[in-house]
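Before any comments, here is the structure.
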Amino acid sequence: SQQGEEDPQALSIQEGENATMNCSYKTSINNLQWYRQNSGRGLVHLILIRSNEREKHSGRLRVTLDTSKKSSSLLITASRAADTASYFCATDASGSRLTFGEGTQLTVNP
Amino acid sequence: NAGVMQNPRHLVRRRGQEARLRCSPMKGHSHVYWYRQLPEEGLKFMVYLQKENIIDESGMPKERFSAEFPKEGPSILRIQQVVRGDSAAYFCASSPLPTGWETQYFGPGTRLLVL
Chain R
4 SQQGEEDPQA LSIQEGENAT MNCSYKTSIN NLQWYRQNSG RGLVHLILIR SNEREKHSGR
64 LRVTLDTSKK SSSLLITASR AADTASYFCA TDASGSRLTF GEGTQLTVNP
Chain U
10 NAGVMQNPRH LVRRRGQEAR LRCSPMKGHS HVYWYRQLPE EGLKFMVYLQ KENIIDESGM
70 PKERFSAEFP KEGPSILRIQ QVVRGDSAAY FCASSPLPTG WETQYFGPGT RLLVL
């Protein structure tokens with residue numbers, strides 16, 4: 004698997020449900036970031052979690068980081084149709100570049 | 010404080026032509042990164058620049074592609090003699106400090122279509 008690999012590849016849920024996406028990576032990191040991309044649009048930064056942090060919250064978002072397992076999860080609570088987008092994790096293991104996974108396509112059905 | 014600006018948003022070129030993509034970083038940001046996204050894929054790093062310097066171009070194809078970030082003006086990604094495989098979305102990001110210390114903020118992207 005490649006650095007910053009998300010699963011599942013696609014997730015379809017009903018409005019109001021929680022959505023959980025996972026990201027695994029291979030090498031040590033300074034921080035891990037989650038981004039959202041609406042279809043045909045740019046990336047919106049959601050949250051950054053540093054390697055010495057285990058959990059971070061921002062509104063309806065909760066991110067966890069387990070450096071021993073080299074994995075992170077993004078939880079979106081009480082999902083809304085507007086949360087429909089692709090979600091990417093990105094790591095900075097390779098110097099100053101960000102390495103992105105292939106993304107999880109989340110569909111929230113009204 | 011305006012975000013990262015990219016222009017044009019859409020660019021159509023015929024095979025063999027040149028494409029010039031521009032990126033103006035956020036105010037106060039001196040670190041610029043270019044990424045390419047093919048359809049249904051994640052972003053792939055191309056190049057990292059600071060003012061007047063290329064810091065890391067390890068993701069840039071060896072031929073036809075070049076990037077610059079002059080002392081004045083936007084960063085430019087230049088693709089010479091475009092081919093159909095160059096069709097993609099090209100995103101620019103900027104940060105006030107090198108990544109590892111700070112978030113990268115992305116522009117809306119330039120969608121290049123090569124006919």
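So the protein lines, in turn, are chains R and U.
Note that my numbering has the first sequence beginning at 4, numbered continuously upward.
Note that my numbering has the second sequence beginning at 10, numbered continuously upward.
By construction, the Cβ of each residue, glycine as well, lies at the ideal position given by its N, Cα and C atoms.
As the crow flies, the alpha-carbon of serine 42 of chain R is around 7 Å from that of alanine 88 of chain R. DSSP, reduced to helix, strand and coil, places alanine 85 of chain R within a helical segment of the structure shown. Here the alpha carbon of leucine 30 of chain U sits roughly 17 Å from the alpha carbon of glycine 68 of chain U.
Within the same chain, Pro117, Gly118, Thr119, Arg120 come within 8 Å of arginine 18 of chain U by CB-CB distance, once the 5 residues on both sides are set aside.
Between the beta-carbon of serine 96 of chain U and that of methionine 35 of chain U there is about 28 Å, and that puts the pair past the 8 Å contact cut. DSSP places arginine 65 of chain R in the strand class (E or B) of the three-state scheme. In chain order, Leu124 place their CB closer than 6 Å to the CB of arginine 23 of chain U, counting only its own chain and leaving out the 5 sequence neighbours on each side. For arginine 120 of chain U, the uninterrupted beta strand (DSSP E) run begins and ends at 119-123, by DSSP. Scanning its chain for C-beta atoms nearer than 8 Å, with the 5 sequence neighbours on each side dropped, one finds around valine 41 of chain U the residues Cys32, Pro34, Tyr57, Leu58, Gln59, Phe78, Ser84, Cys101, Ala102, Ser103, in chain order.
Using a Cβ distance threshold of 8 Å, leucine 78 of chain R and leucine 35 of chain R do not count as a contacting pair. Within the same chain, Cβ atoms closer than 6 Å to the Cβ of threonine 110 of chain R are found at Ser15, Thr87, the five residues on either side in sequence being excluded. A contact between stretches requires three or more CB pairs, one per stretch, nearer than 8 Å, and the segment 48-56 of chain U fails this requirement with the segment 50-61 of chain R. Interface annotation, threonine 102 of chain R: in contact with chain U, CB-CB separation under 8 Å. Serine 82 of chain R sits close to glutamate 18 of chain R, with the two beta carbons spaced by under 8 Å.
Under the 10 Å beta carbon count, glycine 51 of chain U is surrounded by 16 or more other beta carbons and is classified as buried. Proximity of chain R to glycine 68 of chain U at the Cβ level (cut-off 8 Å) is accounted for by Arg100, in chain order. Contact note: proline 107 of chain U reaches chain R through Ser99, using a C-beta cutoff of 7 Å and chain order. For tyrosine 44 of chain U, the closest alpha carbon among the candidates U/Glu61, U/Phe74, U/Glu81 is that of U/Phe74.
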